Amino acid sequence: MQTLTVIIPTFNEENYLEDSLLSVRFANQIIVVDSFSSDNTVAIAKKYNCEIIERKFDNFSSQKNAALHLAKSEWILFVDADERVTEKLKIEIVATINNSKHKAYKIRFPHFYMNRFLYHTENKVVRLVKNEDIHFEGEVHEKLIHKGSVGLLENFMIHYTYKGLFHYIKKKDSYAWFQAKMAKEKNKKTSYLHLFFKPFYRFFHTYFIRKGFLDGIPGLAVAIIDAYGVFSRYVKMILIEKGLR
147 MQTLTVIIPT FNEENYLEDS LLSVRFANQI IVVDSFSSDN TVAIAKKYNC
197 EIIERKFDNF SSQKNAALHL AKSEWILFVD ADERVTEKLK IEIVATINNS
247 KHKAYKIRFP HFYMNRFLYH TENKVVRLVK NEDIHFEGEV HEKLIHKGSV
297 GLLENFMIHY TYKGLFHYIK KKDSYAWFQA KMAKEKNKKT SYLHLFFKPF
347 YRFFHTYFIR KGFLDGIPGL AVAIIDAYGV FSRYVKMILI EKGLR
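Counting from 147, one number per residue, gives the positions in the sequence shown under our numbering.
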């Protein structure tokens, strides 16, 4: 039987962490890497006998890489505190790691917004991977670097993506600053053409190509705010280039 380690990064997740931990109890090892939460997050993790790393947050990749050094299992599953492994997904994960055809697997993540799951606005992200020469790169929207072929699991992960409209917009603005600063470090340039074209394309891609229109009003709202996030990023890039931030 293959073994499984679950890695969960946290910061002030007392309202979400316990349900996440309950959903991954089938794992052989659970590692929580916490950015010095000021609420009961760590106490909840201790309640479930998790291995806990406390380190100051610098970027998402570093947090997960720190936990990777403690992972003892043949396979690793990355889960956020506001995510839940369904019973069907659990069964599929166990069957997959014991009869794997690939070294890594993508999991489906339908967005949860306005009290419903948006199945036509889903992401597919590598979250289950063989524990062999892997690490993360990138400060935001970190990328898992691994070797070997990638498969796709059928069942989806429950992800309470956004806690409300203002949380959604705040998250987009936060990511926009990260992305703008990274672009500056890589000497990427922008223009007012990017400022107008890129947000329009993001809306078109989310709403039409990814069929967000099939999710009704929530799908439209997600497409609009996704476009806003891109607009915000390029505004911030221009501010940085002009020395205004």
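Cβ atoms here follow ideal geometry from the backbone N, Cα and C, with glycine treated the same way.
Keep in mind it's a predicted model, so treat the numbers as computed, not measured.
Would you kindly report the start and end of the unbroken beta strand (DSSP E) that includes residue i?
i, result
"D180", "Q175 to D180"
"N269", "R262 to K276"
"E283", "H281 to E283"
"A250", "A250 to Y259"
Consult DSSP for residue i and reduce its assignment to one of helix, strand or coil.
i, result
"V225", "coil"
"F157", "coil"
"Y338", "helix"
"G394", "Lying outside 147 to 391, the shown extent of the chain, residue 394 is not represented and no answer is given."
"R171", "coil"
"R348", "helix"
"M328", "helix"
Considering only C-alpha positions, which residue in the set the options is nearest to residue i?
i, options, result
"T151", "Y162, N174, S246 and E160", "N174"
"V275", "R262, L264 and I239", "I239"
"Q209", "A373, I304, I177 and Y380", "I177"
"F282", "N211, V376, W221 and A369", "N211"
"K330", "L360, R379 and F206", "R379"
"Y265", "I386, A227, T352 and E164", "T352"
"M303", "Y374, M147, K234 and F203", "K234"
"N245", "E387, A373 and Q148", "Q148"
"N161", "N277, Y306, N301 and L216", "Y306"
Does any heavy atom of the ligand ATP sit closer than 6 Å to the C-beta of residue i?
i, result
"V271", "The ligand content of the structure shown is nil, which means the ligand ATP is not present either."
Kindly indicate the opening and closing residues of the alpha helix (DSSP H) around residue i.
i, result
"R379", "G362 to E387"
"K234", "E233 to I243"
"A213", "F206 to L214"
Practice task
Evaluate contact between the region 253-267 and the region 172-187, counting only Cβ atoms and requiring at least three cross-stretch pairs below 8 Å.
Solution key: With contact defined as three or more Cβ pairs closer than 8 Å, the region 253-267 and the region 172-187 are not in contact.
Handout entry: Segment contact, 8 Å Cβ cut-off, at least three pairs: the region 285-294 with the region 347-357
Key = Verdict: no, contact absent.
Exercise for the section: Taking 8 Å as the threshold, find out whether the region 257-273 comes into contact with the region 353-364 through three or more Cβ pairs. Expected result: The count of Cβ pairs closer than 8 Å, one atom from the region 257-273 and one from the region 353-364, reaches three, so the stretches are in contact.
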